[in-house]
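Here is the structure we will look at, set down as structure tokens.
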Amino acid sequence: MVERPRVVAVPFPMQGHISPLLQLSYQLAAAGIDITFVNTFRNHERLVGSREVVSKHSSGVITFMGISDGVAAKAFDGGFNESLNASLVASDEMAKPFEELLWKLDGVSCVISDAYLGWAQAVANRFGVPRVALWTSNVAYSLVNYHLPLLVEKGYLGVKDPSSVGFLDNLVTCVPGVEPIYARDLPTVLRYDSGEDPGFANRIRKIQALKHASWVLVNSFEELESAGVESMRRELGTQNYVTVGPLLVEDTGGRKSLWSEDEACLKWLDSQKPGSVLYISFGSIASIAGAQMRSIVKGLGDTRQPFLWAMRKNLLVPDSDYSERSFQEFMGATKAQGQGLIVEWAPQVKVLQHRALGGHLSHCGWNSVLESMAMGVPILGWPCVAEQTMNCKRIAEDWKIGLRFTTDDAKQQLVSDEEVARVIKKLFCEGEGREIKKRAREFSAIVKTAVSPGGSSHRNLERLVQAIKFGRLGKNSG
Numbered sequence: 000m001v002e003r004p005r006v007v008a009v010p011f012p013m014q015g016h017i018s019p020l021l022q023l024s025y026q027l028a029a030a031g032i033d034i035t036f037v038n039t040f041r042n043h044e045r046l047v048g049s050r051e052v053v054s055k056h057s058s059g060v061i062t063f064m065g066i067s068d069g070v071a072a073k074a075f076d077g078g079f080n081e082s083l084n085a086s087l088v089a090s091d092e093m094a095k096p097f098e099e100l101l102w103k104l105d106g107v108s109c110v111i112s113d114a115y116l117g118w119a120q121a122v123a124n125r126f127g128v129p130r131v132a133l134w135t136s137n138v139a140y141s142l143v144n145y146h147l148p149l150l151v152e153k154g155y156l157g158v159k160d161p162s163s164v165g166f167l168d169n170l171v172t173c174v175p176g177v178e179p180i181y182a183r184d185l186p187t188v189l190r191y192d193s194g195e196d197p198g199f200a201n202r203i204r205k206i207q208a209l210k211h212a213s214w215v216l217v218n219s220f221e222e223l224e225s226a227g228v229e230s231m232r233r234e235l236g237t238q239n240y241v242t243v244g245p246l247l248v249e250d251t252g253g254r255k256s257l258w259s260e261d262e263a264c265l266k267w268l269d270s271q272k273p274g275s276v277l278y279i280s281f282g283s284i285a286s287i288a289g290a291q292m293r294s295i296v297k298g299l300g301d302t303r304q305p306f307l308w309a310m311r312k313n314l315l316v317p318d319s320d321y322s323e324r325s326f327q328e329f330m331g332a333t334k335a336q337g338q339g340l341i342v343e344w345a346p347q348v349k350v351l352q353h354r355a356l357g358g359h360l361s362h363c364g365w366n367s368v369l370e371s372m373a374m375g376v377p378i379l380g381w382p383c384v385a386e387q388t389m390n391c392k393r394i395a396e397d398w399k400i401g402l403r404f405t406t407d408d409a410k411q412q413l414v415s416d417e418e419v420a421r422v423i424k425k426l427f428c429e430g431e432g433r434e435i436k437k438r439a440r441e442f443s444a445i446v447k448t449a450v451s452p453g454g455s456s457h458r459n460l461e462r463l464v465q466a467i468k469f470g471r472l473g474k475n476s477g
């Protein structure tokens, strides 16, 4: 047995990737494993506010450290595309500083990296330690990425002409372990080949590197995606492709988000009727154009449904249809009428746990999907970027724990205010909404079983802990 094993954890530098690895680190520390958690300086300082912080958790210790990423802070200030591109550059620039840091650390048992940090495999190999990869999204998305060359070959993804839309109506049935899905519901980030990563060569290389990882952990649970798990195990040639999710934010005493959370909203929720409030959040990187925002606020106002909205300062992209001033007027009217509360950022898990919650209008980011699912809160899907269209389809059509909004072709693919109101009313006021809420509660029970002692994710995490402690992290051991 390795005495006080030390794991070095390094996430992809975006909020949605940092949180799951941080929660995994807390769980490993609670099991007696020391963690060195390495962020870029920018994200490290946003998370803990200093260059090195030590946090004790049960019998293990987490040490937070920062490294350079070589990217100017202002590069992250734009919309999704700008933020993603800056993060991709940063993720590659982290490789050398990360390796230099490893030379300074003693007794490293293994490296746990985000699956997208393919260079971590080569670094771990040079140090003679195993690499464990964490896939922070779901199993189905890992399969789509793994079979990306096939999907590009068949013309379902990576289309060269950005004006081409005919392929979107094709039914995709060629991905083993993934239910049939229309091309329009495949990840938008893979839909067109922008030329920035021709043929998705970089992405494919990073995913193929998973074949060399000792373990691949997935932020999902086997009861949800069992066929996909078996399919990926066959592709990677290992039984150590395992689900360990949901990796949910817990009250560990430290900060869990790069954003400052406004907990005062919980007192407002205390004053609302049980199951009456719609929580609205579009995540940490999406943006909403002015014309679309106008429809959202009008439709929301027409329903008179109480709401809590986590509204980032850079969410709205003002235009001639809807300005910052227009939204300020909406906020004033909302406050005067007592219909809702708008905050910059909310403690999402605590909000979703609240008895007043009746639904979550969500961007369908995977962390948010899992949090809503775990708390039994139905989802109104408003996908914005990445694999969120795929998640939304599964929420509404496969799992039936939510609804999706339909765009209006006559209004340039915008969701109309009438559609916003219709979907909200269907969840809160109609029989179909009651059935969806019932299904959401059933899924919540399945989640609780998966993460409880004896559950699939709990067992897999225990296997991982033992493999780390006893030095048995080989690809087909543990």
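Counting in numbering that gives the first Met the number 0, the sequence shown runs from 0 upward without gaps. Note that beta-carbon positions come from the ideal geometry of N, C-alpha and C, so glycine has one too.
Expected contact under 8 Å - CB spacing of PHE36 and PHE63 to nearest Å:
Yes, PHE36 and PHE63 are in contact; Cβ-Cβ is about 5 Å, under 8 Å.
Residues bridged to ARG403 (per DSSP):
GLY380.
What number of angstroms, rounded off, separates the C-alpha of PHE404 from the C-alpha of ALA395?
So the two alpha carbons sit approximately 10 Å from each other.
According to DSSP, is ARG293 part of a helix, a strand, or is it coil?
When DSSP states are grouped into helix, strand and coil, ARG293 belongs to the helix group.
Between which two residues does the beta strand (DSSP E) carrying HIS359 extend?
For HIS359, the enclosing beta strand (DSSP E) starts and ends at 356-361.
What is the residue span of the beta strand (DSSP E) that PHE126 lies within?
Membership of PHE126 in any beta strand (DSSP E) is not indicated; the residue belongs instead to the alpha helix (DSSP H) covering 118-126.
With distance defined between alpha-carbon atoms, name the residue in VAL376, ALA355, LEU133 and ARG202 nearest to VAL143.
Of VAL376, ALA355, LEU133 and ARG202, the residue nearest in Cα terms is ARG202.
Assign GLY106 to buried or exposed, taking buried as 16 or more other Cβ atoms, counted over all protein chains shown, within 10 Å of its Cβ.
Per the 10 Å Cβ criterion, exposed.
Proximal residues to MET330 (C-beta, below 7 Å), its chain only, five neighbours per side dropped:
Contacts found: ILE341.
So, ALA491 versus PRO197, is the Cβ gap smaller than 7 Å?
Residue 491 is absent from the structure shown; the chain starts at 0 and stops at 477.
If you follow the alpha helix (DSSP H) that VAL419 is in, where does it begin and where does it stop?
That run of the alpha helix (DSSP H) goes 416-428.
Evaluate GLY337 with the Cβ neighbour count: other Cβ atoms within 10 Å of its Cβ, from every protein chain shown; 16 or more gives buried, anything less gives exposed.
Taking a 10 Å sphere around the C-beta of GLY337, we find fewer than 16 other C-beta atoms and assign the residue as exposed.
Following the continuous beta strand (DSSP E) through PHE36, name the residue where it begins and the one where it ends.
In the DSSP assignment, PHE36 falls within the beta strand (DSSP E) that extends over 33-39.
When the Cβ atoms of the stretch 136-155 are set against those of the stretch 215-235, are three or more pairs found closer than 8 Å?
Cβ pair count under 8 Å is three or more, so yes.
What's the gap between the Cα of GLY364 and the Cα of ASP397?
GLY364 and ASP397 have their alpha carbons spaced roughly 17 Å apart.
Three-state secondary structure assigned by DSSP to ASP168:
When DSSP states are grouped into helix, strand and coil, ASP168 belongs to the helix group.
Outcome for SER86 when other beta-carbon atoms lying within 10 angstroms are tallied against a minimum of 16:
With 16 or more other CB atoms across the displayed protein chains lying within 10 angstroms of its CB, SER86 is buried.
Ordered along the chain, which non-local residues of its own chain (more than five positions away) have a Cβ less than 6 Å from that of VAL151?
Cβ neighbours of VAL151 within its own chain (closer than 6 Å, five residues either side excluded): GLY157.
Reference GLY432; option with closest CA among LEU101, GLY176, SER275 and SER193
Ranked by how close their Cα comes to the Cα of GLY432, the residues LEU101, GLY176, SER275 and SER193 have SER275 in first place.
Please report how far the alpha carbon of ASP33 lies from the alpha carbon of LYS103, in whole angstroms.
ASP33 and LYS103 have their C-alpha atoms spaced approximately 16 Å apart.
Under a Cβ-count criterion, where at least 16 other Cβ atoms within 10 Å of its own Cβ denotes burial, should ARG204 be classed as buried or exposed?
That one is exposed.
Among ALA345, VAL171 and PRO129, which one has its Cα closest to the Cα of HIS146?
Closest option to HIS146, Cα to Cα, is VAL171.
Beta-carbon within less than 7 Å of LYS349's beta-carbon, same chain only, minus the 5 sequence neighbours each way: which residues are those?
Excluding positions up to five away in sequence, the list reads LEU265.
Alpha carbon of LEU460 to alpha carbon of SER112, nearest angstrom
The straight-line gap separating the alpha-carbon atoms of LEU460 and SER112 is approximately 16 Å.
C-beta atoms of PRO161 and TYR181 nearer than 7 Å:
PRO161 places its beta carbon 7 Å or farther from that of TYR181.
Candidates GLY298, PRO129, SER319 and PRO175, of which the one nearest GLY289 by Cα:
If we check each option's Cα against that of GLY289, SER319 comes out closest.
Suppose contacts are defined by Cβ-Cβ distances below 7 Å. Is PHE306 in contact with GLY358 by that definition?
Result no, Cβ atoms of PHE306 and GLY358 do not sit closer than 7 Å.
Any contact of the stretch 17-33 with the stretch 119-129, i.e. 3+ C-beta pairs under 8 Å?
They do not touch, by the three-pair rule.
For the beta strand (DSSP E) holding GLY59, just list the boundary residues, first then last.
Run containing GLY59: 59-66, per the beta strand (DSSP E) assignment.
Identify whether ASP397 lies in helix, strand or coil by the three-state DSSP scheme.
Collapsing the DSSP output to three states places ASP397 in a helix.
Going by the beta-carbon positions, is the gap between LEU96 and SER67 smaller than 7 Å?
Rather than Leu, the amino acid found at residue 96 in this sequence is Pro. Yes. Within cutoff.
Apart from the five residues just before and just after ARG438, which ones in its own chain have a Cβ nearer than 6 Å to its Cβ?
Excluding residues within five positions, the ones whose Cβ falls inside 6 Å are LYS399 and ILE400.
In or out: ALA212 buried (at least 16 other Cβ within 10 Å) or exposed?
The Cβ neighbour count for ALA212, taken over all protein chains shown within 10 Å, is at least 16; the residue is labelled buried.
Would you mind reading off the limits of the alpha helix (DSSP H) that contains VAL350?
Run containing VAL350: 347-352, per the alpha helix (DSSP H) assignment.
Rounded C-alpha distance that separates ARG462 from ASP168:
Using only the alpha carbons, I get a separation of about 43 Å.
Using the C-alpha atoms, what's the distance from VAL164 back to GLU44?
Roughly 43 Å between the two C-alpha positions.
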